[in-house]
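Take a look at the structure set out below.
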Amino acid sequence: MIAPKHILGTFDEALTSLRNNVLMMSSLTERSLDRAITGLRQRDDELCAIAIADDEEIDQLEKQVDKDGIDLLLRFQPVASDLRRVVSAMKLSSNLERMADQGTNIARRARKLNQHPPLPETELITPMYTHAMAMFRDAIDAYVREDVQLARAVVPRDQALDEMNSSASRRLIERMAEDPEQLRGYLNLIFVSRCLERVGDHATNMAEDAVYAAAAEDIRHQHLVPVANE
Amino acid sequence: MVATLEMPETTSPTIVNQPEQVPKAEIERAMIEIEQLDFAYGAHQVLHGVNLNIPARAVTAFIGPSGCGKTTLLRCLNRMNDLIDSARITQGAIRIEGVDINAPGVDVVDLRRRVGMVFQKSNPFPKSIYDNVAYGLRIAGITKRSLIDEAVEKSLRSAALWEEVKDRLHVSGYGLSGGQQQRLCIARALAVEPEIVLMDEPCSALDPIATAKVEELIRQLKEQYTIVIVTHNMQQAGRCSDHTAFFYLGRLIEFDQTAKIFSNPAQRQTEEYITGRFG
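Protein sequence lines, in the order shown, are assigned to chains A and B.
Here the first sequence stands for residues 2 to 231, numbered as in my numbering.
Here the second sequence stands for residues 22 to 300, numbered as in my numbering.
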């Protein structure tokens, strides 16, 4: 539900600007991850270097979102859905920055891999990347459209990604034993797989934040006993 | 003691809530029960079917735009509206500890002793600090000096004013700062040992430090008293109160725990009002 206009136009402007910066971070993070994986699959060092360089802009945006969020809290003391929108924007930005760091890590590993002969096992990464990015896009979509159902549906999809990571790691460890000359290459692929697993974790966090923003419900760590109110 | 009346605006957007649909907070023990209350100034009805249970020994905030009836309702709680010709409850009842306060035979003076009131603008009497606090006791017929001394000190301590005025009890109350004058009025209200304290925007004329002192005082007082506060300051309602009631155009729209109202209100109108999207 899109909220009606605030009486203070400056509040709506500040909130829109905050949200736009989060969406900009999201686009840059997606692009950075795409460049890193393409750099890995196509053995393109230049693309990897661009992915690594992209991170600086995302870091800057994270700082900007934090600054604008704190400024908004100070100036307007928002409550209810407005407060949730500000808090979730700041939390999303933190997750996006860490997700982009995974893009940088993948690009660095890819550059190392590119110095050696290609490994067919690199293709183990593709389905993981597809799955992680689908989770990421759906989490952002849910946040933008305040779609609680879509956001909730993202969370259980993380398990499949965890399983893919475990399976890929097992396969790569086997290959290390079979082909010790490429041990470092397989190790780098294990790290890449782990990075994508972390991307899924961040997408899950973002989906949880999207539920909080839209429905004021904390769906994190559901196995824990709810925190009692004072 | 003349308070400004809040008259409702004439145009009325649609109100979706019927009183029975108003979300109700779970309350352990209601000190004040307001049942299906209608109130009118002459032919002009300003409260419509208000149902509300105000919990004992807690702070309940009334919020809502000007003219929504929150001050009118507050003044109903100690029958201050009796002082206005043509103002009357047209339907419903208010019970304090189970007793209908508008029933024939209820002593209004005793009611107002039990239900004290602090106004928007501090209004000390043109008397000394001591005499201001002692006033209600003397009216009640207490003459013994030692009893009055004791009550004055206790009330000033309860109002967090004793340390600031103990050496000048016999100078005029007018010599105090605005914040001190307001706390003097609170001490004056407490001197007669009320059970309920009504506060009508008690901090609206105070600076932030004086406001903080009154808010801290409210926090301490709720251990002994039932407090109802009308405020236009959302942050103050959020900080001070345990429960919040939102009124609009004479109707109670939502009543719940303050944390719930300010984080995730159940009614769209509450959300739009507290987030500044209408008013």
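We treat Cβ as the ideally placed atom computed from N, Cα and C, and that holds for glycine.
Quick caveat, the model's predicted, so the values are computed rather than measured.
Nearest neighbour of M101 (chain B) by Cα position, chosen from B:Y246, B:I248 and B:L132, turns out to be B:L132. Going by DSSP, H69 (chain B) is part of no alpha helix (DSSP H) but of the beta strand (DSSP E) stretching over H65 to P76. Our two residues, K175 (chain B) and V192 (chain B), have alpha carbons roughly 18 Å apart in a direct line.
Taking 9 Å as the upper bound on Cβ-Cβ separation, chain B lies near residues F77, Q78, P79, V80, A81, S82, D83, L84 and R85 of the region 60 to 85 of chain A. According to DSSP, residue pairing for Q278 (chain B) in a beta bridge involves B:H264. The region 144 to 153 of chain B and the region 223 to 235 of chain B do not touch, with fewer than three beta-carbon pairs separated by less than 8 Å. Around R32 (chain A), the same chain offers D55 as residues with beta carbons nearer than 8 Å, after the five sequence neighbours per side are excluded. Cα atoms of T131 (chain A) and D139 (chain A): separation of roughly 12 Å, rounded to the nearest angstrom. Around the CB of N21 (chain A), fewer than 16 other CB atoms lie within 10 Å, so the residue is classed as exposed.
E56 (chain B): member of the beta strand (DSSP E) spanning A51 to Y62, first to last residue.
Following the DSSP letters along the chain, one finds T81 (chain B) inside the beta strand (DSSP E) bounded by residues V80 to I84. The three-state reading of DSSP puts S168 (chain A) in helix, counting H, G and I together. Straight through space, the alpha carbons of I107 (chain A) and A37 (chain A) are spaced by roughly 6 Å.
Using a CB distance cut-off of 8 Å, Q201 (chain B) does not count as an interface residue toward chain A. Secondary structure note for M134 (chain A): it is in no beta strand (DSSP E), and the uninterrupted alpha helix (DSSP H) holding it is I126 to R146. If you draw a straight line from the Cα of E54 (chain B) to the Cα of E118 (chain B), it is about 8 Å long. Note on geometry: alpha-carbon atoms of L9 (chain A) and L75 (chain A) lie some 15 Å from one another. If you look at D106 (chain B), you'll find it isn't in any alpha helix (DSSP H); DSSP assigns it neither H nor E.
Boundaries of the alpha helix (DSSP H) around D67 (chain A): D46 to F77.
A Cβ of chain B is located within less than 8 Å of the beta carbon of K6 (chain A). Per DSSP, the beta-bridge partners of V139 (chain B) are B:M220. Within chain B, no residue has its CB atom less than 8 Å from the CB of L19 (chain A), the nearest being about 15 Å off. Here I160 (chain B) is exposed. Its C-beta has fewer than 16 other C-beta atoms within 10 Å. Taking a Cβ-Cβ cut-off of 8 Å, the neighbours of T296 (chain B) in chain A comprise A4, H7, P79, V80, A81, S82 and D83, given in sequence order. Under the three-state reduction of DSSP output, G113 (chain B) falls in the strand class. I126 (chain A) and L184 (chain A) do not touch by the CB rule: their CB atoms are close to 18 Å apart, not below 8 Å.
Contact residues of the region 243 to 263 of chain B toward chain A are M255, Q256 and G259 (C-beta to C-beta distance below 8 Å). Look at V192 (chain B) here: in three-state DSSP terms it is coil, with no helix or strand label.
With fewer than 16 other Cβ atoms from the protein chains shown falling within 10 Å of its own Cβ, S167 (chain B) counts as exposed. Nearest in C-alpha terms to Q201 (chain B), of all of B:D170, B:A233 and B:E216, is B:A233.
As computed with DSSP, V249 (chain B) is found in a beta bridge with B:T81 and B:L219.
At a Cβ-Cβ threshold of 8 Å, A111 (chain A) and C49 (chain A) count as neighbours. Contacts with chain B at 8 Å (Cβ-Cβ) do not include F137 (chain A).
Annotated as distal: R189 (chain B) and V154 (chain B), with beta-carbon spacing of 8 Å or more. Here DSSP, grouped into helix, strand and coil, assigns S198 (chain B) to coil. Its chain contains V80, E236 and I239 as the residues whose beta carbon lies nearer than 6 Å to that of C261 (chain B), once the 5 sequence neighbours on both sides are disregarded; these appear in chain order.
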